[in-house]
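See structure below.
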Amino acid sequence: MSARTGDDLLFQEEVRDLVRSAYRAIPAGAGRAVAEQLYSAEELAAAPEAAIAWALGVGNPVRHAGLQPGEVVLDVGCGGGLDTVLAAHRVGPGGRVVGLDMLPEMCERARATAQDSGTAPWCEFLHGEMEAIPLPDASVDVVISNGVLNLSPRKSRALAEVARVLRPGGRLCVADLTVEDDLPPEVLASGAAWAGCIAGAVSERVLARKLERAGLVDIALSAHTPFGLDDVALYPLFTPEIIDLMRRLIPDAAAERVAVGVIVHATKPAAASPAGRRDGLATASGTKRLADIAPAAAEVPGVTIRHLKDVEDVELKVLEVEPHGATPYHTHPHAHEGVVVSGAGALQLDERADLMQPGDVFSVNPTEPHAIVNTGVEPLRIVCMDCFVQ
10 MSARTGDDLL FQEEVRDLVR SAYRAIPAGA GRAVAEQLYS AEELAAAPEA AIAWALGVGN
70 PVRHAGLQPG EVVLDVGCGG GLDTVLAAHR VGPGGRVVGL DMLPEMCERA RATAQDSGTA
130 PWCEFLHGEM EAIPLPDASV DVVISNGVLN LSPRKSRALA EVARVLRPGG RLCVADLTVE
190 DDLPPEVLAS GAAWAGCIAG AVSERVLARK LERAGLVDIA LSAHTPFGLD DVALYPLFTP
250 EIIDLMRRLI PDAAAERVAV GVIVHATKPA AASPAGRRDG LATASGTKRL ADIAPAAAEV
310 PGVTIRHLKD VEDVELKVLE VEPHGATPYH THPHAHEGVV VSGAGALQLD ERADLMQPGD
370 VFSVNPTEPH AIVNTGVEPL RIVCMDCFVQ
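Just add 9 to the spot in the sequence shown (first one is 1) and you have the working numbering.
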């Protein structure tokens, strides 16, 4: 992904464009090689062969969603319609299933799947993005998704939309990938890794925090399934070139657990939070001392991080580095910016160190290794996006 200036610091449109292009470039999905690992023989028998051929999921959300007859279900990123028709069989003609996809051709495939499965009368398919779901507030009972949330460059926004369309007491059940260790920058920057849900994956801790900040409760992650390089290679979204790159750059010890598939459960509270308050965030107007904000665990000697406020899909934080201290070298999958509040320091890049003083703004390109160094005798304080965590 190339560096770019302008307002789109998270490269949202670039990510969406490469995901669209990757999905349009493949002639079919992963087929039975993946479908038979995720679905029972009985489930596959209820789905048209074309839907099985377009299987691209990483789990089985329908099996875990506890769908009941008569419920209204939204399938975010319906693809070829496999999960949509399985959900439609569960809710029956008295229910309704809405499939949403960012590609109109996927919507057409899913419509054909519903027609062939006999569930078309209670299925509907919408062309749209998960960050702007074209449905009214509180209009669905259950949201399912399969390997799609990680395609969003604005997961917090996507989850806020999920919370918006869920009825009070409604629930979320999605299958997706999580990662605990950073992948090599060359992999993170590849379009194939984004389209395959790995470059956009976050840790379980970060995912749970995003769900909480969307206002969801009863969050649980289960059915952990390791995804190794051999599993990844089954998906046509990963080109031979990116598979070869991953085999060369990922250590053998990590090759069998590049990511972990999980089933994510969450619920929308039956009663809304009091006005002026969002669970997990202090939103009251007023002032406070920075020292009164509890620090987060940075696990780096001499470095303190204090969370301020959620800003779209990143976090605004205060990074404090003690005199003569430094952060470890680290990278971010998107452009990273910060402003120096007090102290003196340097932005350490591979080939140079740029000095910084109060009022200076620093920028780092996606996937570029860097460290923040305190060169003074007072604490170096920086307000920045992210700080070590995606």
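We treat Cβ as the ideally placed atom computed from N, Cα and C, and that holds for glycine. Predicted model, so just to flag it, every value in this text is computed and none were measured.
Asked	Found
Pairwise C-alpha distance: D239 and D213	For the sequence presented, residue 213 should be read as Glu rather than Asp. Those two C-alpha atoms are separated by around 23 Å.
Beta carbon of R99 nearer than 8 Å to that of L76	yes
Given R72 as reference, the closest of T276, S49 and P36 once Cα atoms are compared	S49
The ligand NAD heavy atom lying under 7 Å from the CB of T340	Among the components modelled here there is no ligand, and therefore nothing to report on the ligand NAD.
I142 versus A123: straight-line alpha-carbon distance, rounded	21 Å
Nearest neighbour of V392, chosen from V370, G385 and V382 [CA to CA]	V370
Range covered by the alpha helix (DSSP H) that runs through Q77	No alpha helix (DSSP H) contains Q77, which DSSP labels as neither H nor E.
Endpoints, alpha helix (DSSP H) assigned at I228	Looking at the DSSP string, I228 is not in any alpha helix (DSSP H); the run it does join, the beta strand (DSSP E), is V226 to F236.
Uninterrupted alpha helix (DSSP H) stretches inside the stretch 168-198 (no shorter than 4 residues)	194-197
Closest residue to E265 among H274, M255 and V273 (Cα-Cα distance)	M255
Collapsed DSSP secondary structure at A64 in the structure displayed	coil
Exposure label - Y338; buried when at least 16 CB within 10 Å	exposed
Cβ separation of V85 and S154, assumed to be a contact under 8 Å, to the nearest whole Å	4 Å
Straight-line Cα distance separating L328 from G354	12 Å
Same chain, Cβ closer than 6 Å to L230, neighbours up to 5 away in sequence not counted	E213, V271 and V273
Selected residue, minimal CA-CA separation from A275, among G40, V241 and R180	R180
7 Å CB neighbourhood of L405 in its chain, flanking five on each side removed	Because the chain spans 10 through 399 in this model, residue 405 falls outside it and cannot be assessed.
In DSSP terms, what I252 is bridged to	DSSP lists no partner for I252.
Straight-line gap, V386 to G334 (C-alpha atoms, nearest Å)	10 Å
In DSSP terms, what R105 is bridged to	V81
Cut-off 7 Å between Cβ atoms - residues of its own chain near A121, not counting five sequence neighbours on either side	A59
Buried versus exposed, by CB contacts within 10 Å (16 or more), A184	buried
Check whether A303 and T336 have beta carbons under 8 Å apart	no
Environment of A279 [buried if 16+ CB atoms lie within 10 Å]	exposed
Three-state secondary structure assigned by DSSP to R163	coil
Touching by the beta-carbon criterion (3+ pairs, under 8 Å), the stretch 26-41 and the stretch 106-115	yes
Proximity of R330 and P245 at Cβ, strictly below 8 Å	The amino acid occupying residue 330 in the given sequence is Val; Arg does not appear at that position. The answer is no: Cβ separation not under 8 Å.
Assigned exposure category for P70 - 16 Cβ within 10 Å defines buried	buried
Integer Cβ distance of L53 from G88, believed to fall under 8 Å	With 8 Å as the limit, L53 and G88 do not qualify as a contact, their Cβ atoms being about 15 Å apart.
According to DSSP, residues forming a beta bridge with D26	DSSP lists no partner for D26.
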